[in-house]
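First up is the structure itself, then whatever we jot down about it.
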Amino acid sequence: MLRGNAYNEERKQRRKSKFLPRLLLTIGIAGVLTCIAIFSYRFFTNKFHSANTVPMLYEQWDNQDFQGVYDTSAAILEKNFLQNAARTFHGYSAFLLAVSETDNAVAQDLLDEAIINLRIAMQYAKEDVLPQIKYMLGRSYFHKDSSAGTHFYADLAIKYLLECQAEDFHADDIPEYLGLSYAALGETQKSIESFTEALLVHESDTLLLSIAEQYCNASQGGTAKQYLKRVQNITQNDEVLLKSHFLLAQIYMDESDNESAQKEFETILEKNTNSADAHYGLGVLYEKQGDMAKARSEWRKCLTLQPMHIGARQKMSDNK
4 MLRGNAYNEE RKQRRKSKFL PRLLLTIGIA GVLTCIAIFS YRFFTNKFHS ANTVPMLYEQ
64 WDNQDFQGVY DTSAAILEKN FLQNAARTFH GYSAFLLAVS ETDNAVAQDL LDEAIINLRI
124 AMQYAKEDVL PQIKYMLGRS YFHKDSSAGT HFYADLAIKY LLECQAEDFH ADDIPEYLGL
184 SYAALGETQK SIESFTEALL VHESDTLLLS IAEQYCNASQ GGTAKQYLKR VQNITQNDEV
244 LLKSHFLLAQ IYMDESDNES AQKEFETILE KNTNSADAHY GLGVLYEKQG DMAKARSEWR
304 KCLTLQPMHI GARQKMSDNK
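Offset between the sequence shown (1-based) and my numbering: plus 3.
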């Protein structure tokens with residue numbers, strides 16, 4: 004019995020002698036893990052915050068990482084609402100993301116964001132940066148209109164583009180933007196002047212077509228025809244080509260050259276049998292020639308393709 008008690012006492016002593024080293028080891032491991040956790044937190048936190056800096060914005064901008072610029076500038080502005088470099092970059096990147104966006108609703112939201120941020124940035128910008136901000140703001144207003152199919156902001160696009168030009172900022176696309184904006188406002192002569200200036204920088208099928216449209220609006224069909232012939236010689240775009248044929252047909256009709264007008268409409272239908280406007284135009288030509296049966300036939304074809312075509316509906320109503 005005494006021997007058993009001595010044995011148990013010895014076991015207790017051995018356990019006690021092992022407990023302290025184990026406790027110290029556990030505390031040590033816990034301490035190491037805590038240090039690792041703190042270090043990791045600080046490392047990743049510092050890395051995150053160091054990424055959201057103005058120098059990083061410039062680096063991302065130089066790399067054309069516009070989504071990165073957008074995200075980084077947003078993070079900076081969340082901490083410092085008055086950081087104007089971040090505000091400016093946020094406006095720039097929102098605009099550039101908008102013009103490459105295929106979802107029109109998303110593009111509209113991005114353009115709104117660009118306009119708001121650029122207008123704020125403009126209030127606090129340094130003098131040497133201000134003209135560029137006005138240039139981007141003018142472009143934002145232009146694309147706000149074009150993506151929505153409206154002309155509500157054409158005057159503001161013109162305002163800021165002219166202001167940046169007056170402050171010695173130069174960009175090759177400004178004259179074309181101005182030409183399109185003046186055209187949207189019905190200021191034909193100013194539009195022609197701006198488009199002509201744009202031609203000195205580069206010639207394109209869409210630019211030539213735009214000039215021709217403005218000369219048509221100015222009742223200068225002869226000049227318009229020259230530009231339309233150039234369009235047809237250089238364009239590889241079917242939509243632009245069809246528009247050029249349609250404009251020529253209208254000019255020939257105004258000149259009472261019905262034969263040439265008919266050829267243009269027929270050329271359009273050879274390329275696109277579903278052109279409601281071409282069928283309508285042919286109907287008008289047949290009406291001029293006194294062939295009302297053919298005229299009504301073309302207008303019916305037009306309405307089959309486009310039931311709400313105003314011109315064809317009116318013609319059918321007037322010639323029952």
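By construction, the Cβ of each residue, glycine as well, lies at the ideal position given by its N, Cα and C atoms.
Closest by C-alpha distance to residue i, when choosing among the options
i           : options               : result
residue 269 : 242, 252 and 256      : 252
residue 254 : 164, 157, 177 and 229 : 229
residue 245 : 69, 140 and 273       : 273
residue 333 : 315, 176 and 57       : This structure leaves residue 333 out entirely; the chain is present only between 4 and 323.
residue 178 : 291, 278, 198 and 94  : 198
residue 144 : 164, 131, 130 and 297 : 164
residue 3   : 317, 133, 188 and 106 : In the structure displayed, the chain extends from 4 to 323; residue 3 sits before or after that span and is not available.
residue 318 : 283, 293, 292 and 308 : 283
residue 136 : 101, 110, 173 and 148 : 173
residue 279 : 260, 294 and 305      : 305
residue 323 : 303, 309, 112 and 105 : 303
residue 146 : 92, 103 and 133       : 103
residue 176 : 162, 195, 200 and 159 : 200
residue 108 : 74, 149, 91 and 191   : 149
Backbone secondary structure at residue i - three-state DSSP
i           : result
residue 203 : coil
residue 153 : coil
residue 266 : helix
residue 48  : Note on residue 48: pLDDT 46, under 50, position unreliable in the model; no value is reported.
residue 189 : coil
residue 132 : coil
residue 209 : helix
residue 196 : helix
residue 172 : coil
residue 259 : coil
residue 106 : coil
residue 220 : helix
residue 120 : helix
Residue span of the alpha helix (DSSP H) that contains residue i, given as start and end
i           : result
residue 92  : 87-102
residue 75  : 69-82
residue 304 : 295-308
residue 320 : 313-321
residue 282 : 279-291
residue 2   : This structure does not reach residue 2, given that the chain is present from 4 up to 323, and the question cannot be answered.
Practice task
Report yes or no: do three or more beta-carbon pairs, one from the segment 122-141 and one from the segment 69-78, lie closer than 8 Å?
Solution key: Flag = no, the segment 122-141 and the segment 69-78 do not touch.
Practice task
Spell out a yes or no on whether the segment 261-268 and the segment 216-235 are touching, meaning 3 or more CB-CB pairs, one atom from each, closer than 8 Å.
Solution key: no
Exercise for the section: Examine the Cβ distances between the segment 148-156 and the segment 166-176 and report whether three or more of them are shorter than 8 Å. Expected result: no
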